[in-house]
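A short worksheet on the structure shown next.
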């Protein structure tokens with residue numbers, strides 16, 4: 180399957196040329212790779228926002244990160260010489276992990292980090308601090324470089340203040356989520372790096388940039404917020420003018436980022452089964468939920484066979500109460516065909532179980 184962000188982008192916008200994404204990343208540099216809520220592609224124009232977090236790292240992490248903040252401080256303090264060596268090497272030019280001299284592939288980190296060697300762990304922390312960044316790829320390998328050598332001249336290098344960064348992150352989270360609780364916001368966009376979320380919410384409320392709302396189905400439990408720009412959407416959502424479309428949602432799409440919120444809004448429970456032992460998997464190893472309009476109606480487990488240019492669908496599962504009519508089945512088949520087109524598959528093969536009501540269309 181393609182990279183997580185390529186698949187997430189396809190879910191949202193449909194077919195696109197991956198070379199265009201590469202152009203935005205490595206030539207025009209309008210976006211860059213960074214660890215935001217997770218490994219992400221973020222807008223370069225937002226560099227001052229991310230730089231605010233970078234310069235304060237690991238102090239920019241909230242208590243929700245558990246012991247990560249203290250462990251990061253300890254690792255950086257204990258390996259200061261390694262940091263100096265890495266930065267000295269990168270001043271000569273970008274490098275892959277295995278191209279660093281003397282310490283390439285160094286000893287495995289004994290600090291409990293999941294990145295392998297001390298070298299790869301340090302590169303992660305330096306990326307979080309904004310001292311290094313990913314400047315390219317060689318197949319699946321990252322190429323590391325220095326921001327001052329990679330970023331365009333037009334990029335603003337003045338970091339937002341802590342308060343400005345939190346306000347910006349809070350607004351963006353609320354707009355992206357539509358309706359959001361403080362817990363949702365805290366785990367979205369800046370994920371776990373809102374050190375004073377209440378201050379940001381109170382300030383935005385005072386300026387009428389956000390508003391509290393009541394959702395009857397939620398029983399009035401806790402504060403919920405909507406952005407001022409989206410108030411007009413509340414009425415339009417009740418109209419009959421919306422033509423729902425069907426999408427396959429990428430496993431790391433933000434729609435699935437806060438699992439309890441996804442359950443609350445859609446009555447849909449999703450587990451990243453690729454991280455489970457095979458015996459514990461229920462739906463497959465790389466499961467894509469099927470979203471039809473505002474309802475999840477199924478899941479499928481696809482696998483791209485590059486040798487024979489085939490998209491193999493290991494299984495398709497319908498959610499309880501999902502529509503079983505021919506029209507919906509045809510839409511599911513068409514959506515899977517669009518995935519095949521995006522991946523360059525010459526053939527789609529259904530190798531496992533499919534819902535009986537959809538069987539005539541999925542073959």
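Residue numbers (my numbering): 180 to 542.
We put the beta carbon where it would ideally sit given N, CA and C, even for glycine.
Here's the rule: buried if 16 or more other CB atoms are within 10 angstroms of the residue's CB, otherwise exposed. What is residue i?
i	result
residue 191	exposed
residue 297	buried
residue 333	exposed
residue 337	exposed
residue 329	buried
Which residue comes first and which comes last in the beta strand (DSSP E) that contains residue i?
i	result
residue 526	526 to 529
residue 453	Careful: residue 453 lies outside any beta strand (DSSP E) and carries neither H nor E.
residue 492	489 to 497
residue 315	312 to 317
residue 219	218 to 222
DSSP on residue i, reduced to helix/strand/coil?
i	result
residue 324	strand
residue 363	helix
residue 390	strand
residue 283	The predicted model places residue 283 with a pLDDT of 46, which falls under 50 and marks its position as unreliable; any figure quoted below should be read in that light. Here residue 283 sits in coil by DSSP.
residue 194	coil
residue 507	helix
residue 213	strand
residue 199	helix
residue 276	helix
residue 340	coil
residue 368	coil
residue 353	helix
residue 522	helix
residue 479	strand
If I measure Cβ to Cβ from residue i and keep anything under 6 angstroms in the same chain, skipping five residues before and after, which residues do I get?
i	result
residue 184	220
residue 279	268
residue 320	275
With a CB to CB cut of under 7 angstroms and the five nearest residues on each side skipped, what residues in its chain are close to residue i?
i	result
residue 346	379, 382 and 383
residue 516	527
So, does the CB of residue i fall closer than 9 angstroms to a CB anywhere in chain C?
i	result
residue 486	Among the chains of the structure shown, chain C does not appear; only one protein chain is present.
Which residue marks the beginning of the alpha helix (DSSP H) containing residue i, and which one marks its end?
i	result
residue 254	247 to 257
residue 411	410 to 415
What residues in its chain sit with their C-beta under 8 angstroms from that of residue i, if we drop five residues either side in the sequence?
i	result
residue 283	Reliability fails at residue 283, whose pLDDT of 46 lies under 50, so the model's placement of it is uncertain and no value is given.
residue 373	241, 345, 348, 349, 364, 365 and 379
Quick one: any contact between the region 441 to 454 and the region 199 to 209, if contact means 3 or more CB pairs under 8 angstroms? no
Flag this pair as touching only if the region 466 to 484 and the region 228 to 245 have three or more C-beta atom pairs under 8 angstroms; answer yes or no. no
How about the region 356 to 374 and the region 301 to 309: do they share at least three Cβ pairs that are nearer than 8 angstroms? Too few Cβ pairs lie closer than 8 angstroms, so no.
Check whether the region 396 to 413 touches the region 487 to 500, counting contact only when three or more Cβ pairs, one atom from each stretch, lie closer than 8 angstroms. No contact exists between the region 396 to 413 and the region 487 to 500.
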